[in-house]
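Single-structure report; data block below.
Residue numbers (the numbering used here), protein chains in the order written: chain A, 131 to 307; chain B, 61 to 701.
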């Protein structure tokens, strides 16, 4: 079963730790001090968007019917097989920005060096080492979680079920009175 | 994104539009760019006091509830708040110390450009310090007073003497609570000690020390700043003036003074009237030299010289945007580092003057009190020399100004009530007792881009005077009130309740009184102490039907001010909550339990009208306890009892 980054917007504090961790995870050294010293600009692929006073993390959903992938004329945006994350190959990119326009979530941005795009790769490098995506591990409140797609809904159903049971028990108790 | 101001004065609206057209970022743009701001900081749950951290407490209860050292939300939030108060008290008090140094120099250095302007005030302060005045040379007294004031900052034993200005019942309470400041600097240092890793963990004990430090600010450092400024530069007397960006004159050499201390700006104001400098300006094609103030420096020279106010803290960049400012000179506090970015887009020469506040890439002409006139002359000459660099095609000065009356003090304002020959607070107390005036409120503080600019200030003040609450104002609230015509009797009285109108008309006072800069909040304390001393309204400040508010606060100084008002027994309302709401215990302590201990407490309410009504309810509660007569005139807003 594929895992996804599930967002619980109520828990987001707007601290932007995820943005920071994303940039570090996609840098050469993975070391914040040297990134600043060397002037590297790895950029982040998740954005904490302000909507009124709310902070909402917006990230790539790795869509099944990925519009970015379909729009890409060179195959620079690709996926290895079904259920796998949508990836980006800088070598094949011609910089046409079709993917950026096609993405309905606005999570693809032009790379800070102007060459190619910034796109979530679900931290493929970290996953291969058995680590969760950087944004998820950096989130201090658990607003971001890396869990099974099925589990996301399972949790919601469990919550609904618990409420129903509670309601039922109150009703029963009342009828006994 | 083009930011649009919805409530502010016309001049600010026009200038923000111009900033967008010219593609120049101001405080509002930077605020937007920073959204969303970190919730941990907002709730006070982030601690970076040691390098085991930074630690963050999960406010939702799932994640860590203590930092690496074991400090919980209560401790962390209290420590952060205490450090804010240390910062605020330090800023105000350091200002006071500089004024005391200047007074010492005026007394001892025969070449000093400063002198004692108000001997009566000097003698009053001397009396408090138990310094003999009879038959003594004024300079000798001034020297002794300055030394006594300076001693308050770093003395090793005893207590801060200036706090004896508070009502005796209040001082007694402070003694019982163990919050009488021993020395001004010491209390600030002790906050830094207590909030170091592994010292004070009890949130109430941390707040206790914050209270002591805040008292050292309000009844100590700030009061010294106010009193000695009056001695050196003259006690203000009601004066007419003009406010808003329209005071910048395209035909003149415009110098904007911005910051807080009056030492340099007062000299600039005087020196700018020198004939040879005006002639020099005219040779360059200008009609003369025009000085305008921003922020609290503006308030200082406004109330003593009637120098026009260009704007409040949020208008500092807008003033430069007119393209007609030859020179902006800054000293300390509330100077946006972004100012230079805007200044570089125009010919405006930005000058830093304090060794405490430099900006990279900005011309620094260091101010030394012993060469005040010489340095002021040099600065004005720099402005004159810069006049030919103005691009007259890119000048845009909004044609908006408003008239105002400023310069009330604890001494002058109520002389009005009693008349010239029998200055007394009696008529004020009587008006409150009779039910013509419901009570008084101090509405003060900064402006903050996190709310609609000026809406909080203006709506609150209008709601208060509508309900017969006399308003005293300082700092940037005073400037906002000025720009909206509330410091002028004829316009302001339109908004006032009938009882307040009667009193104001009878004595010729506006219903909103400008009491000065933000260190001059000590004047409000003194007014409160005088009202208590006059009698008939209880024995302590906490008995009075009064409230305080800072609807658009942003600085650490505002937190220190709020805390010394609470510690003095005043119900203190602020707009955005203090950054402590992540700790339920601390929240309850500050907004509820503190009242049992000090008679004052904090309150948070973002809606200015609702906030004003909560203040009015508090005032009514106090009236009831004092068994004062019901209000004479029917009220527009009937508070819930």
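Every residue gets a Cβ at the ideal spot worked out from N, C-alpha and C, and that includes glycine. Fair warning: this is a prediction, and the values are worked out from it, not measured in the lab.
Residue i vs residue j beta-carbon contact at 9 Å
i, j, result
"residue 378 of chain B", "residue 324 of chain B", "no"
"residue 282 of chain B", "residue 153 of chain B", "yes"
"residue 645 of chain B", "residue 245 of chain B", "no"
"residue 610 of chain B", "residue 622 of chain B", "yes"
"residue 414 of chain B", "residue 391 of chain B", "yes"
"residue 149 of chain A", "residue 159 of chain A", "no"
"residue 38 of chain B", "residue 146 of chain A", "Only positions 61 to 701 of chain B appear in this structure, which leaves residue 38 of chain B out of reach."
"residue 103 of chain B", "residue 642 of chain B", "yes"
"residue 220 of chain B", "residue 240 of chain B", "yes"
"residue 145 of chain B", "residue 251 of chain B", "yes"
"residue 317 of chain B", "residue 473 of chain B", "no"
"residue 234 of chain A", "residue 197 of chain A", "yes"
"residue 532 of chain B", "residue 85 of chain B", "no"
"residue 387 of chain B", "residue 362 of chain B", "no"
"residue 177 of chain B", "residue 94 of chain B", "no"
Backbone CA spacing between residue i and residue j [nearest angstrom]
i, j, result
"residue 497 of chain B", "residue 570 of chain B", "13 Å"
"residue 185 of chain A", "residue 329 of chain B", "48 Å"
"residue 139 of chain A", "residue 275 of chain A", "11 Å"
"residue 40 of chain B", "residue 218 of chain B", "Shown here, chain B extends from 61 to 701; a query on residue 40 of chain B therefore has no answer."
"residue 700 of chain B", "residue 652 of chain B", "Summary for residue 700 of chain B: the model assigns pLDDT 45, below 50, so the residue's position carries little reliability; its value from the coordinates is reported in the next sentence. Computed Cα separation, rounded: 19 Å."
"residue 157 of chain B", "residue 154 of chain A", "46 Å"
"residue 173 of chain B", "residue 294 of chain B", "14 Å"
"residue 406 of chain B", "residue 664 of chain B", "40 Å"
"residue 173 of chain A", "residue 228 of chain A", "20 Å"
"residue 265 of chain B", "residue 138 of chain B", "9 Å"
"residue 440 of chain B", "residue 333 of chain B", "11 Å"
"residue 202 of chain A", "residue 136 of chain A", "26 Å"
"residue 155 of chain B", "residue 321 of chain B", "7 Å"
"residue 462 of chain B", "residue 542 of chain B", "7 Å"
"residue 161 of chain B", "residue 345 of chain B", "40 Å"
"residue 176 of chain A", "residue 268 of chain A", "12 Å"
"residue 573 of chain B", "residue 466 of chain B", "7 Å"
"residue 293 of chain A", "residue 272 of chain A", "23 Å"
"residue 236 of chain A", "residue 191 of chain A", "11 Å"
Below-9 Å beta-carbon distance, residue i vs any chain A residue
i, result
"residue 99 of chain B", "yes"
"residue 699 of chain B", "Residue placement at residue 699 of chain B is flagged as unreliable, the pLDDT there being 49, under the threshold of 50; the coordinate-derived value follows with that caveat. No, because no Cβ of chain A sits closer than 9 Å to the Cβ of residue 699 of chain B."
"residue 658 of chain B", "no"
"residue 118 of chain B", "yes"
"residue 66 of chain B", "no"
"residue 96 of chain B", "yes"
"residue 103 of chain B", "yes"
"residue 123 of chain B", "yes"
Min CB distance residue i to chain B below 9 Å
i, result
"residue 146 of chain A", "yes"
"residue 267 of chain A", "no"
"residue 272 of chain A", "yes"
"residue 155 of chain A", "no"
"residue 140 of chain A", "yes"
"residue 137 of chain A", "no"
"residue 149 of chain A", "no"
"residue 281 of chain A", "no"
"residue 264 of chain A", "no"
"residue 184 of chain A", "yes"
"residue 178 of chain A", "yes"
Environment of residue i [buried if 16+ CB atoms lie within 10 Å]
i, result
"residue 226 of chain A", "exposed"
"residue 544 of chain B", "buried"
"residue 215 of chain A", "buried"
"residue 302 of chain A", "exposed"
"residue 247 of chain A", "buried"
"residue 175 of chain B", "exposed"
"residue 590 of chain B", "buried"
"residue 527 of chain B", "buried"
"residue 428 of chain B", "exposed"
"residue 357 of chain B", "buried"
"residue 230 of chain B", "buried"
"residue 190 of chain B", "exposed"
At what residue ranges does the stretch 175 to 230 of chain A contain a whole run of the alpha helix (DSSP H), taking only runs of 4 or more?
197 to 201
Uninterrupted alpha helix (DSSP H) stretches inside the stretch 321 to 391 of chain B (no shorter than 4 residues):
With a minimum length of 4 residues, the continuous alpha helix (DSSP H) runs that stay inside the stretch 321 to 391 of chain B are 322 to 331, 335 to 343, 355 to 365, 376 to 381.
As an exercise, report each continuous beta strand (DSSP E) stretch of at least 3 residues that is fully enclosed by the stretch 608 to 682 of chain B, in chain order.
631 to 634, 662 to 664
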